[in-house]
Structure formats: structure tokens, C-alpha cells
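**Q**
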Amino acid sequence: HDHWHGGIPTVPVGDRVSLGAVIVSADGRDRDLSDPSVNDFVVALAPDAAGGIVEFVDHGDHVHIRGIAEGSTSVVFSWTHRGELRYTTPPIAVQVGHGHGHGHDHGHSHESHDHDHDSHGHDHDHEADHHDHDHDHDHGEHDPHIWHDLDIWVVAVEAIAERIALADPANAATYRANAQAYIAELRELQAYARQRLNEVAAANRFLVTSHDAFGYLARAYGWQTRGILGISTEDEAGVRDIQELAHFIVENGVRAIFFETAADQRATVALQEAVRARGGNVVVSTAALYSDALGERAPTNTFIGAYRHNVDTIVNTILGNR
Numbered sequence: 046h047d048h049w050h051g052g053i054p055t056v057p058v059g060d061r062v063s064l065g066a067v068i069v070s071a072d073g074r075d076r077d078l079s080d081p082s083v084n085d086f087v088v089a090l091a092p093d094a095a096g097g098i099v100e101f102v103d104h105g106d107h108v109h110i111r112g113i114a115e116g117s118t119s120v121v122f123s124w125t126h127r128g129e130l131r132y133t134t135p136p137i138a139v140q141v142g143h144g145h146g147h148g149h150d151h152g153h154s155h156e157s158h159d160h161d162h163d164s165h166g167h168d169h170d171h172e173a174d175h176h177d178h179d180h181d182h183d184h185g186e187h188d189p190h191i192w193h194d195l196d197i198w199v200v201a202v203e204a205i206a207e208r209i210a211l212a213d214p215a216n217a218a219t220y221r222a223n224a225q226a227y228i229a230e231l232r233e234l235q236a237y238a239r240q241r242l243n244e245v246a247a248a249n250r251f252l253v254t255s256h257d258a259f260g261y262l263a264r265a266y267g268w269q270t271r272g273i274l275g276i277s278t279e280d281e282a283g284v285r286d287i288q289e290l291a292h293f294i295v296e297n298g299v300r301a302i303f304f305e306t307a308a309d310q311r312a313t314v315a316l317q318e319a320v321r322a323r324g325g326n327v328v329v330s331t332a333a334l335y336s337d338a339l340g341e342r343a344p345t346n347t348f349i350g351a352y353r354h355n356v357d358t359i360v361n362t363i364l365g366n367r
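The sequence shown begins at 46 in this note's numbering and counts up by one.
#1: Give me, in chain order, the residues of the same chain whose beta-carbon lies closer than 6 Å to that of Pro344; leave out the 5 immediate sequence neighbours on both sides.
#2: Spatial neighbours of Gly267 within its chain, please: CB distance less than 6 Å, with the 5 preceding and 5 following residues excluded, ordered by chain position.
#3: Whose CA, out of Glu207, Thr347 and Ser330, lies closest to the CA of Asp357?
#4: Along the chain, where does the alpha helix (DSSP H) that runs through Arg208 open and close?
#5: I'd like the list of long-range same chain contacts for Gly283, defined as Cβ closer than 6 Å, with 5 residues on each side in sequence excluded.
#6: Can you give me the Cβ contacts of Gly96 inside the same chain, cut-off strictly under 8 Å, excluding the 5 residues immediately before and after it?
#7: On the premise that Ala301 lies in contact with Val328, defined as a C-beta separation below 8 Å, what is that separation, rounded to the nearest angstrom?
#8: Please classify Arg208: is it buried, with 16 or more other beta-carbons within 10 angstroms of its beta-carbon, or exposed?
#9: Between Arg353, Ser63, Thr55 and Ala114, which lies nearest to Gln235 when the distance is taken from Cα to Cα?
#10: With 16 as the cutoff for other CB atoms within 10 Å, does His107 come out buried or exposed?
#11: Rounded to the nearest angstrom, how far is the Cβ of Ala368 from that of Ala217, given a contact under 8 Å?
#12: May I have the straight-line CA-CA distance separating Trp198 from Ala71, to the nearest angstrom?
#13: Would you report the Cα separation of Val360 and Glu244, rounded to the nearest angstrom?
#14: Please state whether DSSP places His180 in a helix, a strand or coil.
#15: For Ala315, which residues in the same chain have their Cβ closer than 6 Å to its Cβ, ignoring the five residues on either side in sequence?
#16: What first and last residue would you give for the alpha helix (DSSP H) that runs through Gln310?
#17: Among the candidates Val139, Arg127 and Ser123, whose CA atom is the shortest distance from the CA of Arg61?
#18: Does DSSP put Phe304 in a helix, in a strand, or in coil?
#19: Relative to the alpha-carbon of Glu318, which residue among Ile294, Ile113 and Tyr261 has its alpha-carbon at the smallest distance?
#20: Rounded to the nearest angstrom, what separates Leu290 and Leu195 at their Cα positions?
#21: Tell me the DSSP secondary structure of His162 in three-state form.
#22: Measure from the alpha carbon of Ala224 to the alpha carbon of each residue in Gln240, Ile110 and Val200, then state which is nearest.
#23: List the whole-angstrom C-beta distance separating Gly116 from Ile137, where the pair is believed to meet the contact cut-off of C-beta under 8 Å.
#24: For my contact list, Gly260 and His190 are in at a C-beta cut-off of 8 Å; report their separation, rounded to the angstrom.
#25: Express the C-alpha separation of Phe251 and Ser123 in angstroms, rounding to a whole number.
#26: Looking only at its own chain, which residues have a Cβ that is under 7 Å from the Cβ of His143, when we skip the five neighbours before and after it?
#27: Based on Cα-Cα distance, which residue from Ala258, Ala212, Glu100 and Gln269 lies nearest to Leu242?
#28: Exposed or buried, what is Ser63 when buried is set at 16 or more other beta-carbons lying within 10 Å of its beta-carbon?
#29: Within 10 angstroms of its Cβ, does Pro92 collect 16 or more other Cβ (buried), or is it exposed?
#30: For the beta strand (DSSP E) containing Tyr132, list its first residue and its last residue.
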């Protein structure tokens, strides 16, 4: 008796929610979702649903729904077994707006028992809960890279200065004055970054990096970002992830891929090769981006210096590959 409980949380513009599926046999065994030729879990727009609001990335046992523009649309999830469509949910509303990313789905989809005829006899498979596993890219983590949004970083500076001032009242005025002087430098940096990043045409504002560390920067300046790896540098990129990202790069005419000091460059090279195999043209930046750590030499040994370096590297690399 097909039914759905709950819904999908608001998908932030420029960010995603992740939803997964588990297919369980009657004897309690989880069915393998890593091979889409056997079991495939996908999401698509519902019939007559509004386009241009969300996009999808399929990771086999879970999918990402990314927000492209504010608005409302609806989606359907389906399970295909050995090329046969076994179950499709009713249309499920999706709202895209501004808010916190990496939401968790609390809905459950249950499907009436079907029979899977294979060499092992008759398995009575049913689709189990659509839980948000947040594995592969998310690992249930919030994005920690808040320093890439300078509005947030100013708040952090103010909070730190105030805590230190309270701990050392005799020098409180100095701490607060130093904080305001530094904030003025951050505002100058913000204006510089906005001016430089706006040099890139809106259609080319794609930031593809080693791992998913620049979401805050992308949202702050109106860019789209993709990471070969997830938020953590300990994630690993599978062949399917790289092929899907290569398809996205070719389809959208993405001009550059950026590697980072804190991530393995091999995945970046593999992605460039996958793009070329599809007939695309993309370059890998010659300079690394500083996403999680500062450089050892000037100017990247300071936060402001590293930030300016990142902005200049992004713009110069993309504009250089016209």
C-alpha cells in the first residue's frame, strides 16, 4: 500500500539535501545499490513540475537535491530492479529558499511486496525507509568552512574579541579597538573579492574544487560550487562521482578545476581526464587554493593574504581559459 509520511526540508539556494534508500529482502538482507544495473534509486521532477529550481546528482544508494533558484517544485523517487520499474513515490513537494544546508529527510516510503525472480529463488523485496544517510559526501557533518563568507567571519572576530575582553577587562578597550581595525581590513577584502569575482560572466561562475570546501564563498558571491570529494578531506571519490561531475562540467561549459593544498590532487587529474574523454575542455589551476590551512610564506601565511590569493587564482584561471 504505497504511501509517504513527512516531507523534504527546505533546500537552500546553492546547497543540497541528501536522501537515501535501503532495499531490504523479506529475510532482512540489505540489497546492494552500488550497481545501478541491478538496483537503481533515482529522483526526478514530477510530471508538470516547475523546472530550473532544483537539480539532481545520483550516487546510487542516495541522491543529492541541489537548490538552483528560489521557488517551489515537486519530485518523485523511484526504484528500478534489473531494468524494471518496481516503485515510484507520489509527487513530493520541494521548497528552495535561504537557510541551512545538509538537511535531513524524515519521510518514509513503503512499497507493497514484489517478487524478485533470480537464480536464488524468490525474494520478497520491498523498499524501506528513505532516510538521509549523509554518507559519501556529507557524513552527517555541517559545513565548517565558515571563514569563506566574510560576513560570518566578521561576526566571529567580534565574538572572539569580546570574550577576550571579558577575560582581561584591564585591556578590553585595546582588544575591541584591534578587532574593529581588523574588521575594516576584512571589509576591504570583501569589496576586493566581490569586484574580482564579478569579472567572470554569470554563466561561467562555476567553482569546481578538490573537496566541497567553498560553499560559503559561492553563496556569498553568487557562484555555484562542486567538490570532487565531500566536505571532509578524508572522503574518497568513486569512479561514478567523477563521471557524474565530468558530465556536469561538459554540459555546463565549466572552464576550470581547482586543486587545494589540503586535498589529494590525483582526483583532480582524474576528473580532467574524464572531461577530456567526453570531448570537453577544462584546465586545472596551476596554483593551489587554500581552503583549510594557510601557506607557509607571504602573502598566504595570513588569512587575508590567502583569501586574496584564492580569489585571484579563481578569476585568473577561468578568464585565462576563454
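The beta carbon of each residue, even a glycine, is placed where N, CA and C say it ideally should be.
**A** Answer, in terms of the structure:
#1: Translated into positions along the sequence shown, residue 344 becomes position 299. Cβ neighbours of Pro344 beyond the five flanking positions: Gly350.
#2: Looking up residue 267 in the sequence shown gives position 222. Cβ neighbours of Gly267 beyond the five flanking positions: none.
#3: Within the sequence shown, the letter at position 312 stands for residue 357. Considering only alpha carbons, the answer is Ser330.
#4: In the sequence shown, the residue the question calls residue 208 occupies position 163. Here the alpha helix (DSSP H) through Arg208 covers Leu195 to Ala212.
#5: Start at 1 with the first residue of the sequence shown, and residue 283 comes out as number 238. Below a pLDDT of 50, predicted positions are generally treated as unreliable, and Gly283, at 48, falls in that range; the measurement from the model is reported next regardless. Contacts found: none.
#6: Here residue 96 refers to the residue found at position 51 of the sequence shown. Contacts found: Leu90 and Thr118.
#7: Residue mapping note: residue 328 aligns to position 283 of the sequence shown, counting from 1. Residue mapping note: residue 301 aligns to position 256 of the sequence shown, counting from 1. That belief holds up - the Cβ atoms of Val328 and Ala301 are roughly 5 Å apart, short of 8 Å.
#8: To locate residue 208, count along the sequence shown from 1; it is residue 163. So Arg208 ends up on the exposed side.
#9: Walking along the sequence shown from the start, residue 235 turns up at place 190. Closest option to Gln235, Cα to Cα, is Arg353.
#10: Counting from 1 along the sequence shown, the entry for residue 107 is found at position 62. His107 is buried by the Cβ-count criterion.
#11: The shown model of the chain, from 46 to 367, leaves out residue 368, and the question about it has no answer.
#12: Residue 198 sits at position 153 when you count from the first residue of the sequence shown. Residue 71 sits at position 26 when you count from the first residue of the sequence shown. Taking the straight line joining both Cα atoms gives about 52 Å.
#13: Taking the first residue of the sequence shown as 1, we reach residue 360 at position 315. Taking the first residue of the sequence shown as 1, we reach residue 244 at position 199. So the alpha carbons of these two residues sit roughly 7 Å apart.
#14: As a position in the sequence shown, residue 180 is number 135, starting the count at 1. Here the model assigns His180 a pLDDT of 34, short of 50, so the residue's position is not dependable, and the following value carries that caveat. It is coil, neither helix nor strand.
#15: Your numbering for residue 315 matches position 270 in the sequence shown. Cβ neighbours of Ala315 beyond the five flanking positions: Ile287.
#16: Translated into positions along the sequence shown, residue 310 becomes position 265. Run containing Gln310: none; DSSP gives neither H nor E here.
#17: In the sequence shown, counting from the first residue as 1, residue 61 sits at position 16. For Arg61, the nearest C-alpha among the options comes from Val139.
#18: Along the sequence shown, one-based indexing puts residue 304 at 259. It is coil, neither helix nor strand.
#19: In the sequence shown, counting from the first residue as 1, residue 318 sits at position 273. Comparing Cα-Cα distances from Glu318 to each of Ile294, Ile113 and Tyr261, the minimum goes to Ile294.
#20: By 1-based counting over the sequence shown, the position of residue 290 is 245. By 1-based counting over the sequence shown, the position of residue 195 is 150. Rounded to the nearest angstrom, the two C-alpha atoms are 28 Å apart.
#21: Position 117 of the sequence shown, counted from the start, is the residue given in the question as residue 162. Because His162 sits at a pLDDT of 32, beneath the cut-off of 50, its placement in the model cannot be relied upon, and the point is left open.
#22: As a first step, residue 224 is located in the sequence shown; it is residue number 179 there, counting from the start. Per the Cα distances, Val200.
#23: Within the sequence shown, residue 116 is the residue found at index 71, counting from 1. Within the sequence shown, residue 137 is the residue found at index 92, counting from 1. Not a contact, Cβ separation roughly 15 Å.
#24: Along the sequence shown, one-based indexing puts residue 260 at 215. Along the sequence shown, one-based indexing puts residue 190 at 145. Indeed, because the Cβ distance is near 7 Å, the residues count as touching under 8 Å.
#25: The residue you call residue 123 lines up with position 78 of the sequence shown. The residue you call residue 251 lines up with position 206 of the sequence shown. So the two alpha carbons sit approximately 30 Å from each other.
#26: What you label residue 143 is simply residue 98 of the sequence shown in a count that begins at 1. Counting only Cβ-Cβ distances below 7 Å, and skipping sequence neighbours, we find Pro57 and Val58.
#27: As a working note, residue 242 is residue 197 in the sequence shown. Nearest of Ala258, Ala212, Glu100 and Gln269 to Leu242, Cα basis: Gln269.
#28: Start at 1 with the first residue of the sequence shown, and residue 63 comes out as number 18. Buried, since its Cβ has 16 or more Cβ neighbours within 10 Å.
#29: In the sequence shown, residue 92 corresponds to position 47, counting from 1. Pro92 is exposed by the Cβ-count criterion.
#30: If you number the sequence shown from 1, residue 132 lands on position 87. Per DSSP, Tyr132 belongs to the beta strand (DSSP E) from Glu129 to Thr133.
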